[in-house]
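Working notes for the structure below.
Residue numbers (this note's numbering): 3 to 251.
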């Protein structure tokens with residue numbers, strides 16, 4: 003099958019690496035699994051050797067979907083022609099294990115969408131460009147702060163380009179998102195906008211971006227940069243800023 007460059011299709015073909023990823027996903031009886039971008043089903047077929055309740059495949063390429071329907075005959079599998087960038091994961095259940103080899107060109111958008119549906123996704127294991135994976139785990143970026151507000155992020159392993167077809171120009175990294183036990187009750191779109199504003203021109207002192215009374219209340223140096231603040235501190239700033247706004251109304 004001819005792969006489509008504009009969809010960022012790079013198939014993982016190394017059997018040993020596929021086995022290791024399957025072990026990390028660790029399907030169990032009763033699990034509802036969601037695979038993003040199954041492609042030709044290399045990882046899917048490994049997953050099918052394990053017990054689980056259901057496996058939803060999200061694929062955007064009609065040619066891949068036809069191939070999957072022809073080659074995978076398992077009653078537990080449901081194939082969706084869908085874009086994971088905007089997909090409503092909660093429509094599939096409330097306790098999902100999500101995984102996938104994410105296309106490099108939209109990987110960050112899929113991770114962002116995962117956060118928007120974090121209440122239905124206790125765990126996600128994603129393969130993406132190594133640089134992006136490391137940045138999500140450590141920051142500094144608004145996306146890293148957004149993800150780490152709701153998830154613990156673990157960098158699991160690096161995957162050289164030689165294990166893919168066609169071979170990409172960059173290495174890949176595998177990360178695991180594990181949802182935190184205590185989750186904030188906040189407006190996710192508003193919180194995302196708050197973070198993106200803070201991280202624009204992130205080299206500037208934070209006093210140029212936030213009310214000084216908010217910073218002083220939290221004993222934060224107004225001259226510090228946003229990249230020096232952890233997600234917990236950023237969430238505190240956001241909550242206090244919301245309170246200040248509410249008091250002024």
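Heads up, the beta-carbon is just placed ideally off N, CA and C, and yes, glycines get one too. In this text the structure is predicted, and so the values were computed from the model without any measurement.
**OP:** Taking residue 106 as part of the alpha helix (DSSP H), name the residues at either end of that continuous run.
**Re:** Here residue 106 refers to the residue found at position 104 when the chain shown is read from its first residue. Element bounds for residue 106: n/a, residue is neither H nor E.
**OP:** Between the Cα of residue 80 and those of 134, 222, 46 and 190, spot the shortest distance and give me the residue it belongs to.
**Re:** Counting from one through the chain shown, the residue named residue 80 turns up at place 78. Looking at the Cα atoms, 46 is the closest of the given residues.
**OP:** Using the Cα positions of residue 206 and residue 64, report the straight-line distance between them to the nearest angstrom.
**Re:** Here residue 206 refers to the residue found at position 204 of the chain shown. Here residue 64 refers to the residue found at position 62 of the chain shown. Rounded to whole angstroms, residue 206 to residue 64 spans 46 Å at the Cα level.
Original post:
Considering only the beta carbon of each residue, do residue 114 and residue 145 sit closer than 8 Å?
Top reply: Position 112 of the chain shown, counting from 1, holds the residue named residue 114. Position 143 of the chain shown, counting from 1, holds the residue named residue 145. Contact flag set, yes.
Subject >> Separation of residue 222 from residue 176, as counted between CA atoms >> reply: Here residue 176 is taken as the residue at index 174 of the chain shown, counted from 1. Here residue 222 is taken as the residue at index 220 of the chain shown, counted from 1. C-alpha separation (whole angstroms): 34 Å.
Subject >> Pick from 67, 225, 27 and 151 that is closest to residue 182, judged by C-alpha positions >> reply: Taking the first residue of the chain shown as 1, we reach residue 182 at position 180. Ranking 67, 225, 27 and 151 by Cα distance to residue 182 puts 151 first.
**OP:** Please go through the same chain and pick out, in chain order, the residues whose beta-carbon is closer than 7 Å to the beta-carbon of residue 40, but skip the five residues on each side of it.
**Re:** Here residue 40 corresponds to residue number 38 of the chain shown, with the count starting at 1. Closer than 7 Å at the Cβ level, and outside the excluded window around residue 40, lie 46, 59, 61 and 70.
**OP:** Taking all protein chains shown into account, decide if residue 15 is buried (16 or more other Cβ within 10 angstroms of its Cβ) or exposed.
**Re:** Translated into the one-based positions of the chain shown, residue 15 becomes position 13. Exposed: under 16 other Cβ atoms inside 10 Å.
**OP:** Put residue 201 into one of helix, strand or coil per three-state DSSP.
**Re:** Locating residue 201 in the chain shown gives position 199, where the first residue counts as 1. In this structure, residue 201 counts as helix in the three-state DSSP scheme.
Original post:
Given 8 Å as the limit, is there contact between the region 24 to 42 and the region 100 to 107, that is, 3 or more CB pairs closer than that?
Top reply: yes
Original post:
For the region 21 to 34 against the region 81 to 100, are there 3 or more C-beta pairs whose distance is under 8 Å?
Top reply: yes
**OP:** Look up residue 88 in the DSSP assignment and say whether it is helix, strand or coil.
**Re:** Working through the chain shown from its first residue, we reach residue 88 at position 86. Residue 88: coil per DSSP, three-state reduction.
**OP:** Could you pull out every residue in the same chain whose Cβ sits closer than 6 Å to the Cβ of residue 54, ignoring the five residues on either side in sequence?
**Re:** Looking up residue 54 in the chain shown gives position 52. For residue 54, where only same-chain residues beyond five positions count, the Cβ hits under 6 Å are 29, 33 and 35.
Original post:
Start and end of the beta strand (DSSP E) containing residue 1?
Top reply: Here the chain has residues from 3 to 251 only, and residue 1 is not among them.
**OP:** Rounded to whole angstroms, what's the CA-CA distance from residue 233 to residue 191? Just pull it up for me.
**Re:** Translated into positions along the chain shown, residue 233 becomes position 231. Translated into positions along the chain shown, residue 191 becomes position 189. In a straight line, the C-alpha of residue 233 is about 16 Å away from that of residue 191.
Original post:
residue 244 and residue 212 look like a contact to me (Cβ under 8 Å); what is the Cβ gap, rounded to whole Å?
Top reply: As a first step, residue 244 must be located in the chain shown, where it is residue number 242. As a first step, residue 212 must be located in the chain shown, where it is residue number 210. Between residue 212 and residue 244 the Cβ distance is about 12 Å, and since that is not below 8 Å, they are no contact.
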